[in-house]
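J.: Residue numbers (this note's numbering): 19 to 539.
Even glycine gets a Cβ: it sits at the ideal position worked out from N, Cα and C.
(1) Is residue 91 buried or exposed, if buried means 16 or more other CB atoms sit within 10 Å of its CB?
(2) Nearest CA to the CA of residue 182: which residue from 44, 206, 416?
(3) Taking the straight line between their C-alpha atoms, what separation do you get for residue 422 and residue 489?
(4) So what does DSSP say about residue 311, is it helix, strand or coil?
(5) Per DSSP, what kind of secondary structure is residue 506 in: helix, strand or coil?
(6) Pull up the distance between the alpha-carbon of residue 291 and that of residue 223, whole angstroms please.
(7) Quick check: the segment 135–145 against the segment 169–180, are at least 3 beta-carbon pairs closer than 8 Å?
(8) State the start and end residues of the unbroken beta strand (DSSP E) segment that holds residue 340.
(9) Could you pull out every unbroken beta strand (DSSP E) segment of at least 3 residues lying fully inside the segment 86–173, listed in chain order?
(10) Going by the beta-carbon positions, is the gap between residue 220 and residue 230 smaller than 7 Å?
(11) Is residue 376 near the ligand MG, judged by its Cβ being under 6 Å from some heavy atom?
(12) Starting from residue 347, follow its DSSP beta bridges and name the residues at the other end.
(13) Using 10 angstroms around the beta-carbon of residue 336, count the other beta-carbons present and answer buried if the total reaches 16, otherwise exposed.
(14) Would you give the residue range spanned by the beta strand (DSSP E) that residue 433 belongs to?
(15) Quick one: any contact between the segment 38–47 and the segment 81–89, if contact means 3 or more CB pairs under 8 Å?
(16) So, residue 355 versus residue 441, is the Cβ gap smaller than 7 Å?
(17) Of the choices 123, 32, 22, whose alpha-carbon is the least far from that of residue 76?
(18) Taking the straight line between their C-alpha atoms, what separation do you get for residue 127 and residue 394?
(19) Nearest-angstrom Cα distance between residue 192 and residue 411?
(20) Go to residue 412, then tell me how far its beta strand (DSSP E) extends in each direction, as first and last residue.
(21) Count the other C-beta atoms from every protein chain shown that fall within 10 angstroms of the C-beta of residue 310, then say buried if there are 16 or more, exposed otherwise.
(22) For the segment 356–412, which segments carrying the alpha helix (DSSP H) assignment without a break, of at least 4 residues, lie completely within its bounds, in sequence order?
(23) On the premise that residue 497 lies in contact with residue 450, defined as a C-beta separation below 8 Å, what is that separation, rounded to the nearest angstrom?
(24) Look at the Cβ atom of residue 282, then the Cβ atom of residue 252, and state whether they are nearer than 7 Å.
(25) Enumerate in chain order the residues of its own chain whose CB-to-CB distance from residue 353 is below 6 Å, with the five nearest sequence positions on each side excluded.
(26) Taking residue 418 as the reference, give the member of 404, 402, 376, 390 with the closest Cα.
(27) For residue 257, name the three-state secondary structure that DSSP assigns.
(28) Taking one C-beta from the segment 517–532 and one from the segment 364–382 each time, how about it: are there three or more such pairs within less than 8 Å?
(29) If you run the structure through DSSP and keep just helix, strand and coil, what is residue 244?
(30) Taking 6 Å as the limit between beta carbons, can you name the residues of its chain near residue 357, skipping five residues before and five after?
(31) Measure the beta-carbon distance from residue 261 to residue 273 and round it to whole angstroms, keeping in mind my assumption that it falls under 8 Å.
(32) Quick test of the definition: if touching needs 3 or more C-beta pairs under 8 Å, does the segment 503–511 touch the segment 317–337?
(33) Mapping the DSSP letters down to three states, classify residue 72 as helix, strand or coil.
(34) Can you tell me whether residue 176 is helix, strand or coil according to DSSP?
The following block contains the structure:
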């Protein structure tokens, strides 16, 4: 199976899953879910026809690929752009992909949800959909502290307005109208209990009630309510509510500790309230877990691998393919691939090949897919644990991918290329990190990671020429690094040293590959 058909299979599977959540943003017959559905169906049709032995015209394959990139990868990229704060790029992508008001409204709902999660009220208000936006508007005004605007917002009845009701409770409490806030929370409970079970509505009800209890200083009730908090609310919100309850109960020291923890885990826009509380008490601000601008290592890694692919294309055009032991092998693979079972292959058993193979890829689709996943996962890991942790995870995953391949396929003929071992090393390190944490956001992330890894495992088993052991080794390497790091002291210098060692090892491997490449020219 060729790389383009493999990518189409991924678009078909991921697109089918994406239709489910796009339907929550817009009706199925509207442009957002419909385009994703058609793109997934088109990709699936090409894959089925190819596997059945039918000849599919190249133009149809490229059209299916273009549709998958646009309407499967496109909407999946919107949350990543929002998390990176690239709002203009996200707006431009929405305008390019969706041409009807309904389609753009659905995509904007996705961006507004991301903005609300990040605590960016201005960004949310600037992207409100043209219809059914009152609840979102109320939440955005609440993030800005514009309590009059929240109370002036006319919320829809029923489940559509529950998120806005939480913002209304917060506005009433901030305005000193505690009794009205309690009445609103009680009304919300009756609304939730009278209808069919809905986790989103239940979560809104719990948040509203805890807000009221926190303002009344009912610290014990707040702690009991949050002992098993509903999923989907940022940890910073829970810390902030317990901090408010402690303040109102006269537990000033406990409140400051909670504000410090909330500040540490909050998105940048959500830190202001906690910063004010800490500064008013003369306390230093802690180092944030999600510090701004901490994606430089991810961007650098993506850039290096992308530039390496450009160099690979130039090398292959100049030097072409060479015949080795009856095999026709591209010059770039001779220079950097991890190889087994090919006689007379230059430096076949060199240690640097355990890393260098991450810099060569099968084609543009192959490198593009790896860079996309690395950019998304890498920024997440870098924000949580820092650049050194990320680079070390990529290095260990890359090396373990080659090592496990050499053990599991000893005696086979293997030519291993691509950064997927390192990318899965990053995923494995992230899995190790979230598996030891207990907040709801990490539980959701753990489930998503496991589902994604199962999908990668299925593709690795089902599709020829996809390295199962390279992928498994990458995950194991990332897990090994992640769990080993948890057993070491919480000193950032350890991560920095590990990352520097990984970067130097990659520089050495790439230098050796360039040396071999120069001999081929």
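T.: For this structure:
(1) Label assigned to residue 91: buried.
(2) 206
(3) Spanning the two alpha carbons is a distance of roughly 9 Å.
(4) Model confidence at residue 311 stands at a pLDDT of 48, short of 50, so the residue's coordinates are unreliable and nothing is read from them.
(5) coil
(6) 23 Å
(7) no
(8) In the DSSP assignment, residue 340 falls within the beta strand (DSSP E) that extends over 339–342.
(9) none
(10) Cβ atoms of residue 220 and residue 230: not closer than 7 Å.
(11) With respect to the ligand MG, the structure offers nothing, as it holds no ligand at all.
(12) 340
(13) By the neighbour-count criterion, in which 16 or more other beta carbons inside 10 Å mark a residue as buried, residue 336 falls on the exposed side.
(14) 432–434
(15) no
(16) no
(17) 22
(18) 20 Å
(19) 45 Å
(20) Segment 405–426 is the alpha helix (DSSP H) holding residue 412; no beta strand (DSSP E) there.
(21) Legend: pLDDT at residue 310 = 44, less than 50; position of this residue unreliable, value from coordinates given subsequently. Exposed, by the Cβ-count rule.
(22) 371–374, 382–403
(23) 5 Å
(24) Between residue 282 and residue 252, the gap from beta carbon to beta carbon reaches 7 Å or more.
(25) Cβ neighbours of residue 353 beyond the five flanking positions: 531, 534, 535.
(26) 376
(27) helix
(28) In this structure the segment 517–532 touches the segment 364–382; the number of beta carbon pairs closer than 8 Å is three or more.
(29) coil
(30) 363, 366, 433
(31) Going by Cβ atoms, the distance from residue 261 to residue 273 rounds to 5 Å, so yes, they are a contact pair.
(32) no
(33) coil
(34) helix
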